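Below: one structure, written as C-alpha coordinates.
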(Lines of atoms letter the chains of each structure in order from A; the text may use other names.)
(Lines give C-alpha, C1' and ligand atoms only; values in the text may rest on other atoms or scores of the structure.)
Protein backbone atom coordinates (compact mmCIF):
# COMPACT_ATOMS: atom_id res chain seq x y z
CA UNK A 10 0.00 0.00 0.00
CA UNK A 11 2.81 2.43 0.88
CA UNK A 12 4.60 1.78 -2.42
CA UNK A 13 1.34 2.41 -4.29
CA UNK A 14 0.95 5.80 -2.58
CA UNK A 15 4.55 6.76 -3.40
CA UNK A 16 4.01 5.77 -7.03
CA UNK A 17 0.85 7.88 -7.20
CA UNK A 18 2.64 10.85 -5.63
CA UNK A 19 5.47 10.58 -8.13
CA UNK A 20 3.04 10.31 -11.03
CA UNK A 21 0.96 13.31 -9.92
CA UNK A 22 2.01 16.30 -12.05
CA UNK A 23 -0.45 18.74 -10.49
CA UNK A 24 1.03 20.00 -7.20
CA UNK A 25 -2.01 22.06 -6.21
CA UNK A 26 -4.30 19.08 -5.92
CA UNK A 27 -5.62 18.10 -2.54
CA UNK A 28 -3.44 14.97 -2.30
CA UNK A 29 -0.29 17.10 -2.35
CA UNK A 30 -1.55 20.08 -0.39
CA UNK A 31 -3.00 18.15 2.57
CA UNK A 32 0.30 18.40 4.42
CA UNK A 33 -0.22 22.09 5.11
CA UNK A 34 -3.02 21.86 7.66
CA UNK A 35 -2.74 25.48 8.80
CA UNK A 36 -3.80 26.70 5.36
CA UNK A 37 -6.85 24.44 5.35
CA UNK A 38 -7.79 25.59 8.86
CA UNK A 39 -7.57 29.22 7.74
CA UNK A 40 -10.02 28.51 4.93
CA UNK A 41 -12.55 26.78 7.17
CA UNK A 42 -12.26 29.43 9.91
CA UNK A 43 -12.97 32.41 7.67
CA UNK A 44 -16.08 34.33 8.63
CA UNK A 45 -17.58 34.11 5.14
CA UNK A 46 -20.59 32.21 3.78
CA UNK A 47 -20.03 28.44 3.55
CA UNK A 48 -20.28 28.53 -0.25
CA UNK A 49 -17.25 30.87 -0.32
CA UNK A 50 -15.19 28.56 1.89
CA UNK A 51 -16.21 25.63 -0.32
CA UNK A 52 -15.13 27.51 -3.46
CA UNK A 53 -11.76 28.31 -1.85
CA UNK A 54 -11.30 24.66 -0.88
CA UNK A 55 -12.16 23.55 -4.43
CA UNK A 56 -9.83 26.17 -5.92
CA UNK A 57 -6.95 25.20 -3.61
CA UNK A 58 -7.60 21.53 -4.41
CA UNK A 59 -7.53 22.35 -8.13
CA UNK A 60 -10.93 20.77 -8.78
CA UNK A 61 -12.84 23.69 -10.27
CA UNK A 62 -14.15 22.94 -13.78
CA UNK A 63 -11.60 25.05 -15.63
CA UNK A 64 -10.84 24.30 -19.27
CA UNK A 65 -7.46 22.84 -18.33
CA UNK A 66 -9.01 20.55 -15.70
CA UNK A 67 -11.73 19.47 -18.13
CA UNK A 68 -9.14 18.64 -20.78
CA UNK A 69 -7.12 16.69 -18.22
CA UNK A 70 -10.28 14.66 -17.59
CA UNK A 71 -10.40 13.82 -21.32
CA UNK A 72 -13.05 16.36 -22.32
CA UNK A 73 -12.28 17.46 -25.87
CA UNK A 74 -11.83 21.18 -25.28
CA UNK A 75 -9.24 23.82 -26.02
CA UNK A 76 -7.49 24.59 -22.71
CA UNK A 77 -6.99 28.28 -23.55
CA UNK A 78 -8.95 30.88 -21.63
CA UNK A 79 -12.00 31.84 -23.63
CA UNK A 80 -11.82 35.42 -22.39
CA UNK A 81 -8.19 36.42 -23.02
CA UNK A 82 -7.33 33.67 -25.55
CA UNK A 83 -3.70 33.86 -24.39
CA UNK A 84 -3.10 31.43 -21.54
CA UNK A 85 -4.38 28.04 -20.39
CA UNK A 86 -7.47 28.42 -18.24
CA UNK A 87 -6.17 27.21 -14.88
CA UNK A 88 -7.74 27.97 -11.52
CA UNK A 89 -5.08 30.57 -10.76
CA UNK A 90 -5.51 32.15 -14.18
CA UNK A 91 -9.29 32.39 -13.86
CA UNK A 92 -9.31 33.85 -10.35
CA UNK A 93 -6.12 35.93 -10.34
CA UNK A 94 -4.13 36.33 -13.58
CA UNK A 95 -6.67 36.74 -16.39
CA UNK A 96 -7.20 40.35 -17.52
CA UNK A 97 -10.87 39.86 -16.57
CA UNK A 98 -9.84 39.06 -12.98
CA UNK A 99 -7.07 41.69 -12.90
CA UNK A 100 -9.62 44.39 -13.82
CA UNK A 101 -11.67 43.36 -10.80
CA UNK A 102 -8.65 43.14 -8.49
CA UNK A 103 -7.56 46.63 -9.60
CA UNK A 104 -10.53 48.13 -7.74
CA UNK A 105 -10.43 45.75 -4.76
CA UNK A 106 -7.90 47.34 -2.43
CA UNK A 107 -4.35 48.64 -2.22
CA UNK A 108 -2.69 45.69 -0.43
CA UNK A 109 -4.29 43.25 -2.84
CA UNK A 110 -3.37 45.33 -5.89
CA UNK A 111 0.29 45.22 -4.86
CA UNK A 112 0.31 41.43 -4.43
CA UNK A 113 2.53 39.32 -6.67
CA UNK A 114 0.88 38.23 -9.88
CA UNK A 115 2.95 35.21 -10.89
CA UNK A 116 2.10 32.15 -8.80
CA UNK A 117 2.36 28.49 -9.61
CA UNK A 118 -1.06 27.48 -8.29
CA UNK A 119 -4.05 28.75 -6.33
CA UNK A 120 -3.05 26.93 -3.15
CA UNK A 121 0.24 28.87 -3.10
CA UNK A 122 -1.62 32.09 -3.86
CA UNK A 123 -4.03 31.54 -0.97
CA UNK A 124 -1.16 30.71 1.39
CA UNK A 125 0.65 33.89 0.31
CA UNK A 126 -2.46 36.02 0.82
CA UNK A 127 -3.18 34.40 4.19
CA UNK A 128 0.34 35.30 5.32
CA UNK A 129 0.27 38.92 4.18
CA UNK A 130 -3.33 40.05 4.76
CA UNK A 131 -5.21 40.59 8.00
CA UNK A 132 -8.13 38.24 8.72
CA UNK A 133 -10.61 40.92 7.65
CA UNK A 134 -8.70 41.60 4.41
CA UNK A 135 -8.47 37.87 3.72
CA UNK A 136 -12.23 37.53 4.16
CA UNK A 137 -12.79 40.38 1.70
CA UNK A 138 -10.30 38.77 -0.68
CA UNK A 139 -12.16 35.46 -0.42
CA UNK A 140 -15.48 37.14 -1.22
CA UNK A 141 -13.99 38.81 -4.28
CA UNK A 142 -12.61 35.43 -5.43
CA UNK A 143 -16.13 34.02 -5.15
CA UNK A 144 -17.57 37.03 -6.98
CA UNK A 145 -15.03 36.67 -9.82
CA UNK A 146 -16.01 33.02 -10.27
CA UNK A 147 -19.68 34.03 -10.36
CA UNK A 148 -19.10 36.95 -12.75
CA UNK A 149 -17.06 34.74 -15.06
CA UNK A 150 -19.84 32.15 -15.12
CA UNK A 151 -22.38 34.88 -15.94
CA UNK A 152 -20.15 35.97 -18.77
CA UNK A 153 -19.86 32.41 -20.14
CA UNK A 154 -23.40 31.20 -19.69
CA UNK A 155 -25.58 34.32 -19.79
CA UNK A 156 -23.37 36.54 -21.96
CA UNK A 157 -23.63 39.23 -19.27
CA UNK A 158 -20.59 41.26 -18.30
CA UNK A 159 -20.68 43.06 -14.97
CA UNK A 160 -18.57 46.10 -14.15
CA UNK A 161 -15.51 45.45 -11.93
CA UNK A 162 -16.51 47.99 -9.29
CA UNK A 163 -20.02 46.51 -9.10
CA UNK A 164 -18.57 43.02 -8.64
CA UNK A 165 -16.33 44.13 -5.77
CA UNK A 166 -19.02 46.25 -4.10
CA UNK A 167 -21.52 43.38 -4.35
CA UNK A 168 -19.05 40.95 -2.81
CA UNK A 169 -18.18 43.28 0.08
CA UNK A 170 -21.84 44.10 0.67
CA UNK A 171 -22.70 40.40 0.86
CA UNK A 172 -19.80 39.83 3.27
CA UNK A 173 -20.94 42.68 5.53
CA UNK A 174 -24.55 41.41 5.49
CA UNK A 175 -23.41 37.90 6.30
CA UNK A 176 -21.13 38.98 9.15
CA UNK A 177 -23.80 41.24 10.66
CA UNK A 178 -26.33 38.43 10.54
CA UNK A 179 -23.94 35.93 12.14
CA UNK A 180 -22.92 38.44 14.83
CA UNK A 181 -26.56 39.06 15.71
CA UNK A 182 -27.13 35.40 16.47
CA UNK A 183 -26.67 34.42 20.10
CA UNK A 184 -26.91 30.62 20.06
CA UNK A 185 -25.23 27.97 17.87
CA UNK A 186 -28.68 26.89 16.65
CA UNK A 187 -29.52 30.42 15.50
CA UNK A 188 -26.10 30.76 13.85
CA UNK A 189 -26.81 27.55 11.93
CA UNK A 190 -30.18 28.95 10.86
CA UNK A 191 -28.46 32.18 9.77
CA UNK A 192 -25.96 30.20 7.67
CA UNK A 193 -28.84 28.41 5.96
CA UNK A 194 -30.69 31.66 5.37
CA UNK A 195 -27.68 33.37 3.81
CA UNK A 196 -26.59 30.39 1.68
CA UNK A 197 -30.02 30.04 0.08
CA UNK A 198 -29.76 33.54 -1.44
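Numbering (this note's numbering), first residue to last: 10 to 198.
Even glycine gets a Cβ: it sits at the ideal position worked out from N, Cα and C.
Because the structure is a prediction, the values reported are computed rather than measured.
- Every alpha helix (DSSP H) of 4 residues or more that sits fully in the segment 46–122 is shown, in chain order, as 47–57, 64–69, 96–102, 107–110.
- In summary, residue 180 is exposed, with fewer than 16 beta-carbon neighbours lying within 10 Å of its beta-carbon over all protein chains present.
- Two segments are said to touch when three or more pairs of C-beta atoms, one from each, lie closer than 8 angstroms; by this definition the segment 31–48 touches the segment 161–175.
- Annotation for residue 137: the continuous alpha helix (DSSP H) segment containing it runs 132–155.
- CA-CA distance, residue 84 to residue 156, rounds to 21 angstroms.
- Inclusion of residue 93 and residue 120 in the CB contact set at 9 angstroms is not warranted, their separation being larger than that value.
- By the C-beta density criterion, residue 161 is buried, having at least 16 other C-beta atoms within 10 angstroms.
- Only residues of its own chain outside the window of five on either side were considered, and among them 74, 75, 76, 77, 78, 79, 85, 86 have a CB closer than 8 angstroms to the CB of residue 64, listed in chain order.
- Residue 143 and residue 52 do touch by the CB rule: their CB atoms are close to 5 angstroms apart, below 8 angstroms.
- Around the beta carbon of residue 123, 16 or more other beta carbons lie within 10 angstroms, which makes this residue buried.
- Secondary structure of residue 33 (DSSP, three-state): coil.
- With fewer than 16 other beta carbons inside 10 angstroms of its own, residue 38 counts as exposed.
- Around the C-beta of residue 49, 16 or more other C-beta atoms lie within 10 Å, and the residue is accordingly described as buried.
- Counting the other CB atoms within 10 Å of its CB gives residue 58 a total of 16 or more, which places it among the buried residues.
- The criterion of a C-beta distance shorter than 9 angstroms is not satisfied by residue 67 and residue 88.
- In the three-state reduction of the DSSP assignment, residue 159 falls in the coil class.
- CA-CA distance, residue 71 to residue 36, rounds to 30 angstroms.
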